[in-house]
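Start counting the sequence shown at 1; every next residue gets the next number (UniProt numbering).
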Amino acid sequence: MRTGRASRKDYLDLDPARIHREGAAPPAPEQLTFTDLGPELNEVTFIVVDLETTGNKPGLHAITEIGAVKTRGGETVSEFSTLVNPEVPVPAFIASLTGITTAMTVTAPKIAAALPAFLDFVDPDSRPVLVAHNARFDIGHLRGAAQVLGLDFPSLPVLDTLPLARRVFTREEVPNYKLGTLAGFCRATHSPSHRALADARATVDVLYTILGRLGPRGVTHIADLFAASNPVPAHRRRRAYLADGLPKGPGVYHFLGPRGEVLYVGTSKNVYKRVRQYFTAAETRGRMAEMVDLAQKVEAFPTATAVEAAVVELRHIEKYDPPYNRRSRRPNSQPWLVLDRKPRTGEPHIRVARGIPDADIENCLGPFFSGAAARRAKELICLEAGLREGGLQIPRATDFSDSPCTIPGHVPGSAPGQCVLPPRGTANPVEVASRRAAQILAGDVASVWEHHLALIRKLAAAENFEQAAIERDRLAALMGAARRREKLLPLWRSFRIIAARRRDSGWEIAVICWGRLTAASFCADAARPALPLASPQTGTRTNAAARPPAGTPADAAVRAQTSTAARAEPSTVTPAEPSTAARAQTRVPAADIPRQAQLLAQNAELVDRPERAAGLASSEETEILANWLADPRTRILEHIGTMPLGVPVQGAARFRLPANLRQLPRNK
1 MRTGRASRKD
11 YLDLDPARIH
21 REGAAPPAPE
31 QLTFTDLGPE
41 LNEVTFIVVD
51 LETTGNKPGL
61 HAITEIGAVK
71 TRGGETVSEF
81 STLVNPEVPV
91 PAFIASLTGI
101 TTAMTVTAPK
111 IAAALPAFLD
121 FVDPDSRPVL
131 VAHNARFDIG
141 HLRGAAQVLG
151 LDFPSLPVLD
161 TLPLARRVFT
171 REEVPNYKLG
181 TLAGFCRATH
191 SPSHRALADA
201 RATVDVLYTI
211 LGRLGPRGVT
221 HIADLFAASN
231 PVPAHRRRRA
241 YLADGLPKGP
251 GVYHFLGPRG
261 EVLYVGTSKN
271 VYKRVRQYFT
281 AAETRGRMAE
291 MVDLAQKVEA
301 FPTATAVEAA
311 VVELRHIEKY
321 DPPYNRRSRR
331 PNSQPWLVLD
341 RKPRTGEPHI
351 RVARGIPDAD
361 IENCLGPFFS
371 GAAARRAKEL
381 ICLEAGLREG
391 GLQIPRATDF
401 SDSPCTIPGH
411 VPGSAPGQCV
421 LPPRGTANPV
431 EVASRRAAQI
441 LAGDVASVWE
451 HHLALIRKLA
461 AAENFEQAAI
471 ERDRLAALMG
481 AARRREKLLP
491 LWRSFRIIAA
501 RRRDSGWEIA
511 VICWGRLTAA
521 SFCADAARPA
531 LPLASPQTGT
541 RTNAAARPPA
551 GTPADAAVRA
561 QTSTAARAEP
571 STVTPAEPST
581 AARAQTRVPA
591 ADIPRQAQLL
601 AQNAELVDRP
611 ERAAGLASSE
621 ETEILANWLA
631 DPRTRILEHI
641 GTMPLGVPVQ
651 GAARFRLPAN
661 LRQLPRNK
């Protein structure tokens, strides 16, 4: 006989847990009595209710029917059912769904009479438990109607069968948790029909099936049932005290394990609020629940700005390699596509490289988010350029849908732009294929876009959706990498960028060198900025002069763009949450923000131009900074570089896949 360990789904934490308040002592274990558990389930009176509505928000004109069943110990005590006149026409869609028409509700009582009759049926003095499937909807409508009518809706415990069903029934048993699906699986004696009383009867059968499954797992009293319906175990809620004392501003947080190891790194604009959410129902990821149960401590690293926090998060993930972080763990291994020549034959071919020289960025395509995306783009470039691929050298199928050649005069005697390339899928002459591939890698993707988009549409029109999805993914990989390089290249070619972005209470200031954030601060209105952010690497240097190296392209093409702070001049507001660096709260004139930014730049980390592409900062960090600079609220105070800050008007950024093609099935 095979035995196995019980799964986490078989375990129910039935201990009660109070909501933890910041600063309170961690709750001590307490011994419960039978009185604390409340009555046994076979003694509890359940009022199972269901509503039909017009689709309007809760109020006087929403409810069209109320149905309820009073049950105790598995037996029906009494039932309640009434149509309700919403005093508005019933929409045609609702009428076709429920069968309730406007004519049927004209003679029915209005909600002002129907709701008091329902409350009399409930008999709040007997302290029953209200039950509904997706109780937020039904009870919310009842409370909304009571509020409009000026009635006191009784404060009774409410049980929702929806989260209970999710705890009890697996996805192997039911495909979803709709009432009709659950009623069929539970073999309910009444089938839901979108009529209130019939749905309430079906909910009764589902409720008792759930109770039958929970009984062997220790759910015998009403307190057990409410604890079982809570998606967050009590032991996890009790550990919310780990968030006490964390900053209520932007920063990075670490969840630490039993040996002090970093389990997870995250960031938020409000660290305290975000960390508390891990101990509530707001956190629905299974891996995070496992991580929170292992964590023994939470550390926080306050930052001056949210963009600084996002950058520090990336650097900490790279440094500590936490096991519960899935993204950004290998930021420096993102692939590029490089046009190279085979060692033996000298034939041109495209290879996937994990790193390229900084000087070759303009002639290489990338960085890609994954090796799979790089390979998809490589396949497309080889097809479009007629470049012979490696492998088994199996001839490819000929495709005569090629567009005219865009390489002027590569065939003698032909007019520029009029000759036609060999059929797609066949190899071009070496010189032609190499030249065309080099153009695509350098960013000339317009003709590729037009030609391949036409091919995708042709495949979709022929209902060859699988191949259309493959071609769509190839095109998306190519265009995504081209857009990304266009966005990041100006930052990689900038010796220094000083920028400020307006925030509600002041200005965020950042200093960027060669795509790396070297200093950041928040300058609250009428306050000086904090000291620059500390680099995760040791031995950082600062530069008071902050000049580009002599003889470099940046030195030869200095472009200083002093921002007009007058575009959005700061006014007086309260200071922000202080960072770990000391901050002088000296008042300064509103127009002094550019000078404050220059003071920050003088104390910034000094870095040399990297020899490798994205050598100083990961492409993810540079992309965060590029998005921050592109914000309409950002003002460029100074720019020293060899390229303007922007993307080409005729670049890849102007192309977007149509919505109907994005909806094609994904290929793994």
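Glycine included, C-beta positions come from ideal geometry on N, C-alpha and C. Being a predicted model, the structure only gives us computed values, none of them experimental.
Which residues DSSP lists as bridging residue i, in chain order
i	result
Thr203	For Thr203, which the question treats as bridged, DSSP gives no partner whatsoever.
Glu638	Ile498
His254	Val265 and Glu299
Arg503	Gly506
Glu40	His221
Gly67	Asp50 and Ser81
Val158	Leu130
Ala524	Gly506
Cys513	Arg516
Lys110	Asn85
Arg612	Pro357
Leu211	Leu211 pairs with nothing; no bridge assigned.
Arg72	Thr45 and Glu75
Leu365	Leu337
Residue closest to residue i, alpha-carbon to alpha-carbon, out of the options
i	options	result
Leu294	Leu314, Phe255 and Ala304	Phe255
Asn603	Gly73, Ile210, Ile512 and Ser618	Ile512
Leu159	Phe301, Leu41 and Glu308	Leu41
His133	Asp321, Leu51 and Pro357	Leu51
Ala234	Pro109, Pro216, Thr280 and Asp199	Thr280
Leu606	Leu657, Pro429 and Trp514	Trp514
Val77	Thr45, Phe655 and Ala95	Thr45
Thr161	Asp152, Leu149, Val129 and Glu172	Val129
Asp138	Gly67, Asp224, Gly257 and Asp631	Gly67
Pro594	Pro343, Glu621, Ala95 and Trp507	Trp507
His194	Tyr208, Leu179, Ala188 and Gly184	Leu179
Thr518	Asp592, Leu616, Arg474 and Ile456	Leu616
Pro91	Ile498, Asn56 and Leu246	Asn56
Leu491	Arg239, Phe118 and Ile361	Ile361
Arg474	Phe495, Lys378 and Glu463	Lys378
Glu290	Thr622, Val311, Asn325 and Asp358	Asn325
Glu299	Leu242, Pro322, Pro157 and Ala591	Leu242
Neighbour-count burial assignment, residue i, 16 or more Cβ in a 10 Å radius
i	result
Lys319	exposed
Ser333	exposed
Gln596	buried
Ala113	exposed
Gly539	Confidence at Gly539 is low in this model, with a pLDDT of 37, below 50, so the placement of that residue is unreliable and no value is reported for it.
Phe80	buried
Pro658	exposed
Phe301	buried
Glu638	buried
Leu488	buried
Ala196	buried
Ala103	exposed
Phe93	exposed
residue 679	The chain is shown from 1 up to 668; residue 679 falls before or after that span and cannot be answered.
Ala481	buried
Pro644	exposed
Glu65	buried
Pro58	buried
Pro335	buried
Asp504	exposed
Lys342	exposed
Supposed close pair residue i, residue j - CB separation, criterion 8 Å
i	j	result
Arg501	Thr345	Wrong, their Cβ atoms sit about 53 Å apart, outside the cutoff.
Gly266	Arg274	7 Å
Ala145	Ile63	6 Å
Arg612	Gly249	Actually they do not touch by this definition, with Cβ atoms about 35 Å apart.
His141	Thr53	6 Å
Pro648	Glu486	6 Å
Ala626	Glu308	In fact, because the Cβ distance is near 15 Å, the residues do not count as touching under 8 Å.
Ala446	Leu387	Not confirmed; about 19 Å, so no contact.
Leu164	Ile210	5 Å
residue 746	Val206	Past the edges of the chain, shown from 1 to 668, lies residue 746, and the structure says nothing about it.
Val352	Arg375	7 Å
is_contact[residue i, chain C] using C-beta, thresh 7 Å
i	result
Leu453	No chain C appears in the structure shown, which is made up of a single protein chain.
- request: Counting only runs of 4+ residues fully inside the stretch 298-359, write out the alpha helix (DSSP H) ranges in chain order.
  value: 306-320
- prompt: Which full runs of the alpha helix (DSSP H) of 4+ residues lie inside the stretch 427-465, going along the chain?
  reply: 430-441 and 446-461
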